[in-house]
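**Student:** I have a structure here, written as structure tokens, and I will follow up with some questions on it.
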Amino acid sequence: MPTPEFRESTATIAKKNDRIRAATPGEINARIDKDTEMRVWWHATRSRDDLAKRQQELDREPCIERVLSENVSLLALTGNLLGTPHASGKDVLLMLRRLHVRTTSEIEAERHALKVLEGYFAQVSQTADVGEAALAAR
13 MPTPEFREST ATIAKKNDRI RAATPGEINA RIDKDTEMRV WWHATRSRDD
63 LAKRQQELDR EPCIERVLSE NVSLLALTGN LLGTPHASGK DVLLMLRRLH
113 VRTTSEIEAE RHALKVLEGY FAQVSQTADV GEAALAAR
């Protein structure tokens, strides 16, 4: 009997290829993932208006890539003022990740899960547990 072929979702592939997640300690990634999961579960019981509002919030949420590129001089100045001019980029990255600044792929995974809840993917949303389907779609 042939073995079924496993296909990874786009979000899973993006997470694997995400260098920022790879450079972040597992416990920080796990906390960010758990927070995202809890938001998706919370929105699974909310109205379409609440889902649309959350989608708009996600549109305005700054990703870590944008925060780093827009604030690199400010971050360097802060490092100098704190007496750590030799602070590495990884130190800044860890600080931002501890503050729950997410990567683009993490934000997009939540956006995708919310779209499942809204019914954009009718085939998936007809499963017994819409919340479970949304998380599976991440």
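In the working numbering, the protein residues as written are 13 to 150.
C-beta: ideal position from N, C-alpha, C; glycine also.
All figures in this text were calculated on a predicted structure; none of them were measured in a lab.
Please name the residue, chosen from H112, E122, K102 and L129, that lies closest to N41 on a Cα-to-Cα basis.
**Tutor:** On the sequence shown, position 29 is the one that residue 41 refers to. Checking every option, the nearest Cα to that of N41 belongs to H112.
**Student:** To the nearest angstrom, how far is it from the Cα of L86 to the Cα of N92?
**Tutor:** Your numbering for residue 86 matches position 74 in the sequence shown. Your numbering for residue 92 matches position 80 in the sequence shown. Cα to Cα, the separation comes out at about 10 Å.
**Student:** Using only alpha-carbon positions, find the residue among A56, V128, R114 and L129 that is nearest to R160.
**Tutor:** This structure does not reach residue 160, given that the chain is present from 13 up to 150, and the question cannot be answered.
**Student:** Rounded to the nearest angstrom, how far is the Cβ of V79 from that of L108, given a contact under 8 Å?
**Tutor:** If you number the sequence shown from 1, residue 79 lands on position 67. If you number the sequence shown from 1, residue 108 lands on position 96. Right, their Cβ atoms sit about 6 Å apart.
**Student:** Please go through the same chain and pick out, in chain order, the residues whose beta-carbon is closer than 7 Å to the beta-carbon of C75, but skip the five residues on each side of it.
**Tutor:** Translated into the one-based positions of the sequence shown, residue 75 becomes position 63. Around C75: R114, T115, T116 and I119.
**Student:** Helix, strand or coil: which one does DSSP assign to D71?
**Tutor:** Residue mapping note: residue 71 aligns to position 59 of the sequence shown, counting from 1. The answer is helix: DSSP assigns D71 an H, G or I state.
**Student:** What residue from A34, K46 and R66 has the CA that sits closest to L129's CA?
**Tutor:** For the purposes of this step, residue 129 is taken as residue 117 along the sequence shown, with counting starting at 1. Closest by alpha carbon: R66.
**Student:** With DSSP collapsed to three states, give me the class of V113.
**Tutor:** If you number the sequence shown from 1, residue 113 lands on position 101. Looking at V113 - three-state DSSP - the assignment turns out to be coil, as it is neither helix nor strand.
**Student:** What is the C-beta distance between L63 and R123, in whole angstroms, given that I count them as a contact (C-beta under 8 Å)?
**Tutor:** The count along the sequence shown starts at 1 and reaches residue 63 at position 51. The count along the sequence shown starts at 1 and reaches residue 123 at position 111. Actually they are not in contact, since the Cβ atoms of L63 and R123 sit about 11 Å apart, beyond 8 Å.
**Student:** Would you mind sorting L89 into buried or exposed? The rule is 16 or more other CB atoms within 10 Å of its CB.
**Tutor:** Within the sequence shown, numbered from 1, the residue matching residue 89 stands at position 77. With fewer than 16 other Cβ atoms within 10 Å, it is exposed.
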